[in-house]
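J.: Chains as they are written, first to last, in the working numbering: chain H, 1 to 424; chain X, 1001 to 1965. Ideal Cβ positions, reconstructed from N, Cα and C, are used throughout, including at glycine. Given the structure is predicted, the values throughout are model-derived calculations rather than measurements.
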Amino acid sequence: MSASAVFVLDLKGKVLICRNYKGDVDMVEIDHFLPLLMQQEEEGLICPVMSHGNVHFLWIKHNNLYLVATTNKNSNASLVYSFLYKLVEVFTEYFKELEEESIQDNFVVVYELLDELMDFGFPQTTDSKILQEYITQEGAKLEVAKSKVPTTVTNAVSWRSEGIKYKKNEVFIDVIESINVLVNANGSVMSSDIVGSIKLKTMLSGMPELRLGLNDRVLFALTGRDKGKTVAMEDVKFHQCVRLSRFESDRTISFIPPDGESELMSYRINTHVKPLIWIESVIEKFSHSRVEIMVKAKGQFKKQSVANNVEVRVPVPSDADSPKFKTSTGHAKYVPEKNLVVWTIKSFPGGKEYLMRAHFGLPSVENDEMEGKPPITVNFEIPYFTVSGIQVRYMKIIEKSGYQALPWVRYITQSGDYQLRTNA
Amino acid sequence: MQEWANQLCENRQFGSKMTDSKYFTTTKKGEIFELKAELNSDKKEKKKEAVKKVIASMTVGKDVSALFPDVVNCMQTDNLELKKLVYLYLMNYAKSQPDMAIMAVNTFVKDCEDPNPLIRALAVRTMGCIRVDKITEYLCEPLRKCLKDEDPYVRKTAAVCVAKLHDINAQLVEDQGFLDTLKDLISDSNPMVVANAVAALSEIAESHPNSNLLDLNPQSINKLLTALNECTEWGQIFILDCLANYTPRDDRESQSICERVTPRLSHANSAVVLSAVKVLMKFMEMLPKDLDYYGTLLKKLAPPLVTLLSAEPELQYVALRNINLIVQKRPEILKHEMKVFFVKYNDPIYVKLEKLDIMIRLASQANIAQVLAELKEYATEVDVDFVRKAVRAIGRCAIKVEQSAERCVSTLLDLIQTKVNYVVQEAIVVIKDIFRKYPNKYESVIATLCENLDSLDEPEARAAMIWIVGEYAERIDNADELLESFLEGFHDESTQVQLQLLTAIVKLFLKKPTETQELVQQVLSLATQDSDNPDLRDRGYIYWRLLSTDPVAAKEVVLAEKPLISEETDLIEPTLLEELICHIGTLASVYHKPPSAFVEGSRGVQHKRLPARAGSGESAESPDTVSTGGVSEAPPAVIPSQGDLLGDLLNLDLTPPTTTGPPPPTSSMQMGAMDLLGGGLDSLLGGDIGGSPAMGASFGAPPAVMPGSFNAPVSGGLSDLFDLGGGVGMPMGAYVPPKTVWLPAMKAKGLEISGTFARRSGVVQMEMTLTNKAMSVMGDFAIQFNRNSFGLAPAGPLQVLTPFTPNQSIEVTLPLNTVGPVMKMEPLNNLQVAVKNNIDVFYFSCQYPISMLFVEDGKMERQVFLATWKDIPNDNESQFQIKDCHLNSDAASNKLQGSNIFTIAKRTVDGQDMLYQSMKLTNGIWILAELKVQAGNPNYTISLKCRAPEVAQSVFQSYEAVLKN
């Protein structure tokens, strides 16, 4: 059904640790992995699925590691990749950083985790918070706690343990919207969307029942309310804890939250967003002599709002030299290892317009390697503001002990995949 | 490996942090000896440290199997961490030391009764991973207990252990009744136990397709749907994947399952979403298209599919490969979502290429401007493969969207101006295709193309350019010079270019004979005398003879009008597409290949099929129940990856029984009653009527031997059983011929049988009237068919109410299936039947209307129809006249639809209605028809096209019968 075995390899293809789950694929098959990958890289046709004979390798790369699953069946590929990414998540939460060293330093726990995360190719408990209750790094210290299975593992509520206690019951809600924009070289917006995410930091005692109210257009339509601005979410994705059938039937977002930090939901809005920071650029390349760059940035959002840490990244040819800059605000820096000019503006109020000019020399002997046309990218964040206008209307918290708890809400809009193609 | 450990050792000397890496340090000689001593130490702590060192050595690939007894001695411990390590060691080395593995059995048995559920589960989990046959039987008792354990953590682990044990010793698992216990766990109160039980059963069922393990019925489906809401994300995937194997009884059940599955589309885990999409895509097939819910469901599918494109790149890739299938199956879902497939600069190459493919599939007149602008942008990127594909895509757009052709051509010309070598070459290759599609429309660009002649170094581009020059030789002033320039290095060219050059020069000669005589002689001699390539020589000689004997004929041959190329060249063949849709999310959907193409030992594994759009038929069976009985022996079907494999049923060479393939499934396996007939019908029939002219010579062939090539149609018929899943709510009802006397009483000692065939609610039936004209009571009826063209076989025993007294008449309905053995009959729809009663065995033959084999999902997509029509060679077309038919075209269309002959399009030309129709036989053969109806003229003309032209005659007869009744 899914993986026969899972391997963690270093960049040279050496097995750091592995676990054979089903025994139907010879473990030495992994020796073919790296040669195959290198061959594909050479041909420029790299692919996340590779096969050798009747063995299939499904792999991902993380830091200096390859995580590879092998199979000889018609496995559920999406499940395998989801699982490999889950593996990264769990290991990262255990060891802070998942890399060659952390695997070696913790091989006993890694083995234990591999044993618990998957059985005979079927993923089992993968919630690292719960795993940490009975698989711990310092074996000796928690001998007592380790000796029993937390009931959570097999509970319908498999993401939260009982008996959590806080002196002060609070929940922090972050509403983060990322703007993805793709603008053509002639200035027309090819595609744009908003990917929103609602993150929780839950510090609540017991087993609280939460209900989140948003100004969801579908909900308002269902209940016949039409006060104020509503938001039409194109697609919504929820954390395992949210009761999906409930949402499907009456759009109620009800759940028992995991403890601590988690992403409760994400949504996508496919509206035509006005690019919040508009870039116009003129890049003139005079072969064998110089490149002249002129970039104009304009804040297309409310005057009261301010964009922070704005970074406009403008590509330059790899053989450019002797940079000269002039900016109307902020400062520009040449980052030769990335072939970029990075123009930083700490604080960018709405409605303002700024200018940056750059001048580079070009060598007289032309670089004969073809270079791509990387786009200009922009990073920014605008606090206290969401483009979509989404609002948390309420967060109801009910726990049987009857404590009062306070929800705190923050809004922020940031750049996502924000690309503007250039003419150069 | 040692290096690794040594290096670590060095590193560690600097750091003060103590981590597990210290266990990798002992690599000197005598290590094993030292470890042995430490393992046998009295001190607990020392023991544990030693085991860790052993595991560390194991991890870096050293052989520490010599320590087996010493490590196993450490097994009995109350230290959980130590126990886990020892278990890990056991899993790795038990297989190499099977005798010593027995030593561990006692501890396993003991641990399975430990008061701590964590230890019980650990024991049962590890037990299953020790793949040593000898010890498995010792493990049955502990496993049995654990399956009934009070703690769900132990039960869920035990459930998986059954699958492990089954993999090692299937018989043992069956004998011990574990499968039943596992089935019971589907009703467990704990959702995680349910999920693992489902996973284990699915796994076992996959390797034993006939086991009928997943006995899915509305009750068990309901349990699964309930558990779906409560179990972990992974459990949801197991359950959804299992649900996808179920075939609902009717559209209502289908809808209610869909309603309960759709909430899963909102799950954060992409794999859950894709598995849900699979269930929905499959069950949707059964919903009537005019149902409101059908439209709602279509709308609900788009947003989650789009969101998958924000997942990690590998998951995006899987999603895109699947979207590629979904777009072909149901283009309406994503037709407005073109923009999300625009390529981003930082997408990995495999994502870029897939997006490009989907963009072309979604390209239409409405969005072509945007698509072209994007493609042009991509064509100036640096990644060569991506650029090439982008250029090719522009050509495909031109061919697909006629209105855009001009713009595409000018875009391609712009790209040629860039002079980037591979862009130019790729552009020329696609322009050639555009010329083919739109002849005599864009020759103005030829001059520009000719300018780039010198830069072409790839054979495909050179060949394309030469083709263009030859094709338009009369409009290119210096065509002879251009072609001559290629001729200089003739022998260094690739075959492709040589062949093209030969043809082009011959074309040129035919168009401008006066000035090119020398050239043509040169090329002919190069091709025929100086070449070793037989293809080239042959072609050269053919031209030579043609030119020397009959120049007029040569002109007709060489300059003949070419058939148009079809617009969608790379559509996946519909049967394969259906199968792949059933495998959404899996490797098959990523490779676009059926599992049988890349999974070893998938013999006998069925090809999944989409269910038929259903009315309220009750006969729908889940694939698992269908697979019981004789069907299991069917050899694996070769899924035709190209359309032309489709209907080879009738082209089989029947005479020489030389191949000794697996014995064919005989229908007697399915019917207990058939034992009465002794050695099978074939032998009985052989003696009696073997000589009758109706029987082919092949009939005498021994029944056990069957030409190997039969395999494909046999199992093709097999999978078609699902088509019986339920009939459409038929507007008119299928045509049923009146009953005729098949067996007169005189010939059958007083038993008279008259009958007919019908297709009702998707089930083929034989409807008979039996009359007892004898003087005594009859009983013990049984029926069997001889092998026939479409594998028709009784789906159950012949049930005749007894006592069947003299002068009594009874109506008997016998449901049929199409999984029986196949043999071509003459005529095609001939069926030879043997009926037995307490008196004797009687034989008769009858003919069935082929229309009863037309399945409910025989409506082809318009585009596929067009492509298929063009694709089937004209030789396969047959024309018939239907005389004296007084229906107008709409009435005819309605009437035909009742018999699953679907009208796909209607065109009116000069008062003449042309109906384009399709139908599909139970064995997957498609038949395409064009019916011409002229107002006031009672004579219809019908043209039939099919890859198996043999069926045409019978199909025509069916048309006639349906239309005239």
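Does the structure place the region 1857-1866 of chain X close enough to the region 1929-1948 of chain X that three or more beta carbon pairs sit under 8 Å?
T.: No, because fewer than three Cβ pairs between the region 1929-1948 of chain X and the region 1857-1866 of chain X fall closer than 8 Å, the two stretches do not touch.
J.: Between which two residues does the alpha helix (DSSP H) holding residue 1581 of chain X run?
T.: As a working mapping, residue 1581 of chain X is identified with position 581 in the second sequence. That run of the alpha helix (DSSP H) goes 1574-1581.
J.: Tell me the residue span of the alpha helix (DSSP H) that contains residue 416 of chain H.
T.: In the first sequence, counting from the first residue as 1, residue 416 of chain H sits at position 416. No alpha helix (DSSP H) contains residue 416 of chain H, which is instead part of the beta strand (DSSP E) from 406-420.
J.: Going along the chain, which unbroken runs of the alpha helix (DSSP H) with 4 or more residues stay wholly within the region 1105-1190 of chain X?
T.: Complete alpha helix (DSSP H) runs here, min 4: 1117-1129, 1133-1136, 1140-1147, 1152-1168, 1170-1175, 1178-1185.
J.: Note the first and the last residue of the continuous beta strand (DSSP E) segment covering residue 393 of chain H.
T.: The count along the first sequence starts at 1 and reaches residue 393 of chain H at position 393. Segment 392-398, the beta strand (DSSP E) holding residue 393 of chain H.
J.: Strictly by DSSP, which residues pair up with residue 1593 of chain X?
T.: Taking the second sequence and counting its residues from 1, the one referred to as residue 1593 of chain X is at position 593. Residue 1593 of chain X pairs with nothing; no bridge assigned.
J.: Should the region 319-334 of chain H be regarded as contacting the region 381-397 of chain H, the criterion being three or more beta carbon pairs within less than 8 Å?
T.: No contact exists between the region 319-334 of chain H and the region 381-397 of chain H.
J.: Does the pairing of the region 1215-1227 of chain X with the region 1543-1562 of chain X give three or more beta-carbon distances under 8 Å?
T.: Contact between the region 1215-1227 of chain X and the region 1543-1562 of chain X is absent, because fewer than three Cβ pairs lie under 8 Å.
J.: Does the Cβ-Cβ distance between residue 1765 of chain X and residue 1834 of chain X come in under 8 Å?
T.: The count along the second sequence starts at 1 and reaches residue 1765 of chain X at position 765. The count along the second sequence starts at 1 and reaches residue 1834 of chain X at position 834. Against a cut-off of 8 Å, the Cβ pair of residue 1834 of chain X and residue 1765 of chain X comes out as no contact.
J.: Since residue 1828 of chain X contacts residue 1845 of chain X with CB under 8 Å, what's their CB separation in whole angstroms?
T.: Locating residue 1828 of chain X in the second sequence gives position 828, counting from the first residue. Locating residue 1845 of chain X in the second sequence gives position 845, counting from the first residue. Between residue 1845 of chain X and residue 1828 of chain X the Cβ distance is about 13 Å, and since that is not below 8 Å, they are no contact.
J.: Going by C-alpha to C-alpha distance, which of H:26, H:92, H:256 sits closest to residue 205 of chain H?
T.: Reading the first sequence from its first residue, position 205 is the one you call residue 205 of chain H. Taking only the C-alpha atoms, the option nearest residue 205 of chain H is H:256.
J.: Can you name the start and end residues of the beta strand (DSSP E) that residue 197 of chain H belongs to?
T.: As a first step, residue 197 of chain H is located in the first sequence; it is residue number 197 there, counting from the start. First-last of the beta strand (DSSP E) with residue 197 of chain H: 189-203.
J.: Starting from residue 39 of chain H, find everything on chain X with Cβ-Cβ shorter than 8 Å and list it in chain order.
T.: For the purposes of this step, residue 39 of chain H is identified with residue 39 of the first sequence, where counting begins at 1. Near residue 39 of chain H there are no residues of chain X at all, since even the closest Cβ is about 15 Å away, more than 8 Å.
J.: Check each candidate in H:301, H:68, H:152, H:74 and name the one with the smallest Cα separation from residue 389 of chain H.
T.: Taking the first sequence and counting its residues from 1, one reaches residue 389 of chain H at position 389. Of H:301, H:68, H:152, H:74, the residue nearest in Cα terms is H:301.
J.: Could one say the Cβ of residue 1466 of chain X lies closer than 8 Å to chain H's Cβ atoms, at least one of them?
T.: Locating residue 1466 of chain X in the second sequence gives position 466, counting from the first residue. It does not: the Cβ of residue 1466 of chain X has no partner Cβ on chain H nearer than 8 Å.
J.: What residues from chain X crowd round residue 112 of chain H, counting only those whose CB sits closer than 7 Å?
T.: As a working mapping, residue 112 of chain H is identified with position 112 in the first sequence. Those are 1084, listed as they occur along chain X.
J.: Show which residues of chain X have a CB atom less than 7 Å away from the CB atom of residue 47 of chain H.
T.: As a working mapping, residue 47 of chain H is identified with position 47 in the first sequence. Within chain X, the residues near residue 47 of chain H are 1350.
J.: Under 6 Å Cβ to Cβ from residue 1111 of chain X, same chain only, skipping five residues before and after it: list those, please.
T.: If you number the second sequence from 1, residue 1111 of chain X lands on position 111. Closer than 6 Å at the Cβ level, and outside the excluded window around residue 1111 of chain X, lie 1119, 1123.
J.: Would residue 80 of chain H and residue 58 of chain H be called neighbours here (beta carbons separated by less than 8 Å)?
T.: Within the first sequence, numbered from 1, the residue matching residue 80 of chain H stands at position 80. Within the first sequence, numbered from 1, the residue matching residue 58 of chain H stands at position 58. Yes, the Cβ-Cβ distance between residue 80 of chain H and residue 58 of chain H is below 8 Å.
J.: Alpha carbon to alpha carbon, how far is residue 1747 of chain X from residue 1903 of chain X?
T.: On the second sequence, position 747 is the one that residue 1747 of chain X refers to. On the second sequence, position 903 is the one that residue 1903 of chain X refers to. Distance between the alpha carbons of residue 1747 of chain X and residue 1903 of chain X is about 44 Å.
J.: Nearest to residue 249 of chain H by alpha carbon, out of X:1384, X:1244, X:1266, X:1326?
T.: Taking the first sequence and counting its residues from 1, one reaches residue 249 of chain H at position 249. Looking at the Cα atoms, X:1266 is the closest of the given residues.
J.: Who are the near neighbours of residue 1135 of chain X in its chain, counting only those whose CB is closer than 7 Å to its CB and skipping five residues on each side?
T.: If you number the second sequence from 1, residue 1135 of chain X lands on position 135. The residues are 1101, 1102, 1105.
J.: Apply the 10 Å Cβ neighbour rule to residue 1655 of chain X and answer buried if 16 or more other Cβ atoms are within range, or exposed otherwise.
T.: Locating residue 1655 of chain X in the second sequence gives position 655, where the first residue counts as 1. Residue placement at residue 1655 of chain X is poorly supported in this model, since its pLDDT is 35, which falls under 50; the coordinates still yield a value, given next. Result: exposed.
J.: Using the C-alpha atoms, what's the distance from residue 1127 of chain X back to residue 1168 of chain X?
T.: Here residue 1168 of chain X refers to the residue found at position 168 when the second sequence is read from its first residue. Here residue 1127 of chain X refers to the residue found at position 127 when the second sequence is read from its first residue. Going from the Cα of residue 1168 of chain X to the Cα of residue 1127 of chain X covers about 12 Å.
J.: Measure how close the beta-carbons of residue 253 of chain H and residue 212 of chain H come, nearest whole angstrom, since I'm counting them as under 8 Å.
T.: Translated into the one-based positions of the first sequence, residue 253 of chain H becomes position 253. Translated into the one-based positions of the first sequence, residue 212 of chain H becomes position 212. Contact holds; Cβ gap of about 4 Å.
J.: Does the beta carbon of residue 413 of chain H sit closer than 8 Å to a beta carbon anywhere in chain X?
T.: On the first sequence, residue 413 of chain H is found 413 positions in, with the first residue counted as 1. Not closer than 8 Å to any Cβ of chain X, the Cβ of residue 413 of chain H fails to qualify, so no.
J.: Quick one: what's got a C-beta closer than 8 Å to residue 124 of chain H's C-beta in the same chain, skipping five residues either side?
T.: Taking the first residue of the first sequence as position 1, residue 124 of chain H is located at position 124. Excluding sequence neighbours, residue 124 of chain H sits near 116, 117, 118.
J.: May I ask you to report which of helix, strand or coil DSSP gives residue 56 of chain H?
T.: On the first sequence, residue 56 of chain H is found 56 positions in, with the first residue counted as 1. Residue 56 of chain H falls in the strand class under three-state DSSP.
J.: Report yes if the C-beta distance between residue 293 of chain H and residue 358 of chain H is below 8 Å; otherwise report no.
T.: Position 293 of the first sequence, counted from the first residue, corresponds to residue 293 of chain H. Position 358 of the first sequence, counted from the first residue, corresponds to residue 358 of chain H. For residue 293 of chain H and residue 358 of chain H, yes; Cβs fall inside 8 Å.
J.: Roughly how far, in whole angstroms, is the beta-carbon of residue 377 of chain H from the beta-carbon of residue 283 of chain H, given that I think they are within contact range, below 8 Å?
T.: For the purposes of this step, residue 377 of chain H is taken as the residue at position 377 of the first sequence. For the purposes of this step, residue 283 of chain H is taken as the residue at position 283 of the first sequence. Residue 377 of chain H to residue 283 of chain H, Cβ: 14 Å. No contact.
J.: What are the boundary residues of the beta strand (DSSP E) that residue 361 of chain H is part of?
T.: Along the first sequence, read from residue 1 onward, the residue named residue 361 of chain H stands at position 361. Its beta strand (DSSP E) spans residues 353-361.
J.: Using the beta-carbon of each residue, which ones in chain H are nearer than 9 Å to residue 1546 of chain X?
T.: Numbered from its first residue, the second sequence carries residue 1546 of chain X at position 546. Per Cβ cutoff of 9 Å: no residues; residue 1546 of chain X is ~43 Å from chain H at best.
J.: So residue 1386 of chain X is in the alpha helix (DSSP H); what residue range does that whole segment cover?
T.: What you label residue 1386 of chain X is simply residue 386 of the second sequence in a count that begins at 1. Where residue 1386 of chain X is concerned, the enclosing alpha helix (DSSP H) stretches over 1384-1400.
J.: Tell me whether the beta-carbon of residue 189 of chain H lies closer than 8 Å to the beta-carbon of residue 272 of chain H.
T.: Translated into positions along the first sequence, residue 189 of chain H becomes position 189. Translated into positions along the first sequence, residue 272 of chain H becomes position 272. It is a contact, given that the beta carbons lie within the stated cut-off.
J.: Does residue 275 of chain H have its Cβ less than 8 Å from a Cβ in chain X?
T.: Walking along the first sequence from the start, residue 275 of chain H turns up at place 275. No, residue 275 of chain H does not count as interfacial toward chain X.
J.: Output yes if chain X places a C-beta closer than 8 Å to the C-beta of residue 363 of chain H; else output no.
T.: By 1-based counting over the first sequence, the position of residue 363 of chain H is 363. Not closer than 8 Å to any Cβ of chain X, the Cβ of residue 363 of chain H fails to qualify, so no.
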